[in-house]
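So in this note's numbering, spot 72 of the sequence shown is number 81, and the numbers just go up one at a time.
Note that CB positions come from ideal geometry on N, CA and C, so glycine has one too.
Note that the structure is a prediction, hence the values are computed from the model and not measured.
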Amino acid sequence: MISYREKPPDEWIQMFTLPNITIEEPVEIDGVAMVSAHDARAQALAKRHKRFSMYLNRFTSEFGQQISPSLILVRADKFQQYRTVEALAGFRDAVAMATIPYAWAYVLRFENNHNIKYANWFSFYPWLVDAKYEGLVMQSMAQTGWHEVRAMKGQTNPGLSHMTLPEKSVDKAILKPLLERWVARFGSPNPSKKDTSLFRSLNMALSAAMLPGNVEVTIYDLGRAIALWVSAFEILTDSGTCDAVYKLLESTKWNLSDNTDAIYQPHKYKPGQPRRPLPVWLCGAMNHARNDFIHGNPIDSNRLIVAPGKRPLHLYTALLYRMALTAFLDLKPPPVIKKERESDYEAHWRTLHDYGWYQSNIEAAIATVMFTQEEYRAMRQGKIDQARIRSRHRPVT
């Protein structure tokens with residue numbers, strides 16, 4: 010038997026399989042990578058180990074359509090450092106939270122529902138080829154097992170269409186600092202409290218971002234998901250209080266005036282206190298809903314429909330979380346790197362555009378809560394006056 014410690018240091022080791030997505034461009038840092046099955050590293054493993062090759066080719070949808078999974082690989086010289094489930098799940102969580110909020114921005118802004126907006130797409134498959142590449146092993150909270158590779162009929166999660174994750178669908182402005190903090194958290198024997206809190210929050214956010222139910226989903230499932238999102242926000246703060254989350258959201262730079270005007274009275278507002286901007290009001294609405302659902306307070310069928318646009322509250326949780334991460338990470342534009350034949354001015358504005366494009370979409374999507382879906386669609390099409398609609402909908406208490 011060859012142990013992982015005896016493998017060549019530049020060899021890559023399969024750690025987890027993600028059957029629901031095919032990632033177009035690898036995401037990697039410090040010897041850990043999320044790649045497609047067609048990546049050169051995965052193909053090198055498949056060439057050396059016929060059962061691993063067989064494994065990669067035995068995944069289909071529930072209707073028998075052949076699909077190509079993605080993998081998390083670790084380079085052999087980094088195996089001992091990053092082998093834990095917590096580290097590898099944290100890597101996956103970072104990629105997921107750079108994808109899911111951005112997907113919701115496209116849902117709310119452009120009514121584009123064909124994207125990866127729930128964390129189930131990032132689920133790990135329970136069966137893996139063993140360390141000797143001889144058979145399949147599985148160990149979960151429910152059971153353990155061993156089987157032959159040739160007998161496996163791997164499939165995607167029922168009810169989830171297998172999807173490609175293109176590079177353009179990943180929020181690179183948030184992914185890079187998340188991965189850097191991942192190295193700081195799991196690559197150090199003594200990680201900081203802040204880095205530990207970040208990945209505890211991402212773990213909670215991943216659970217919150219799962220489908221709240223399948224065909225049997227109820228308003229109580231949606232309320233529970235909101236409660237998990239609120240916890241993910243609170244973990245990012247020292248005190249875990251509602252006001253601490255408010256201050257966190259206010260500490261980052263918002264660019265859209267809809268999100269900066271301090272004209273709202275959020276949850277727990279008291280007469281005489283300063284009014285707060287829209288994102289804080291929205292966060293307060295989530296906190297209030299969390300309390301009602303978790304504590305069994307009376308609710309009706311419209312409990313999660315919020316003014317002024319009569320929008321479902323749960324559609325905005327991931328978007329607001331992205332901005333909480335922006336504040337927590339103290340995200341700033343990257344250094345300007347000039348391209349060939351590019352002026353300083355052109356390089357400056359290109360960098361700001363490339364970095365700011367992601368946040369501008371997130372902010373615009375958050376602001377859609379001010380309008381009904383029909384109003385926002387008409388505004389995008391230039392059929393109604395935006396200023397008139399905005400003035401009609403504000404302020405909110």
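Here the C-alpha atom of Pro286 lies approximately 15 Å from the C-alpha atom of Leu328.
By the neighbour-count definition (other C-beta atoms within 10 Å, threshold 16), Gln23 is a buried residue. With respect to Tyr364, Ala182 sits close: the two C-beta atoms are nearer than 8 Å. Taken through DSSP and simplified to helix, strand or coil, Glu37 comes out as strand.
Short of 7 Å from the beta carbon of Ile32, and not among the five residues preceding or following it, lie these beta carbons of its own chain, in chain order: Met43, Val44, Ser45, Ser79, Leu174.
Assignment of Arg101 by DSSP, reduced to helix, strand and coil, places it in the helix class.
By the C-beta density criterion, Phe72 is exposed, having fewer than 16 other C-beta atoms within 10 angstroms. Close CB contacts of Lys319 within its chain, under the 6 Å cut and outside five residues either way in sequence, are with Thr381 (chain order). Just measuring C-alpha positions, the residue of Glu243, Ala160, Pro321 sitting nearest Thr377 is Pro321. When the Cα atoms are used, Tyr385 and Met63 turn out to be separated by approximately 49 Å.
About 6 Å separates the beta carbons of Ile235 and His323, which is inside the 8 Å limit, making them a contact pair. In this model, Thr246 and Val254 are separated by some 7 Å (Cα to Cα). Here His156 has Gly144, Leu145 as same chain residues with Cβ atoms under 7 Å from its own Cβ, once five neighbours each way along the sequence are excluded. The shortest C-alpha to C-alpha distance from Phe131 to any of Asp48, Phe25, Ala49, Leu340 is the one to Phe25. In chain order, Val254, Ala333 place their CB closer than 6 Å to the CB of Phe242, counting only its own chain and leaving out the 5 sequence neighbours on each side. Runs of the beta strand (DSSP E) lying entirely within the region 60 to 125 and spanning at least 3 residues, in chain order: 79 to 84. The three-state secondary structure of Phe380, taken from DSSP, is coil. Around the beta carbon of Val36, 16 or more other beta carbons sit within 10 angstroms, so the residue counts as buried. Here Pro198 is exposed. Its C-beta has fewer than 16 other C-beta atoms within 10 Å. Within a 10 Å sphere around the beta-carbon of Asp48 sit 16 or more other beta-carbons, which makes this residue buried. Relative to the Cα of Tyr273, the nearest Cα in the group Ser266, Asn29, Pro283, Leu265 belongs to Pro283. In this structure, Pro288 is the residue among Asp230, Pro288, Glu34 with its C-alpha nearest to the C-alpha of Ser260. The C-beta distance from Val315 to Ala336 rounds to 22 Å, too long to meet the 8 Å contact threshold. Taken in chain order, the complete alpha helix (DSSP H) segments of 4 or more residues contained in the region 157 to 187 number zero; there are none.
In this structure, Pro28 keeps its C-beta atom at 8 Å or more from the C-beta atom of Tyr330. When beta bridges are read from the DSSP output, Arg320 appears opposite Val315.
DSSP places Tyr142 outside both helix and strand once states are collapsed to three, so it counts as coil. For Gly305, the three-state secondary structure derived from DSSP is coil. Here Phe25 carries a strand assignment [DSSP, helix/strand/coil].
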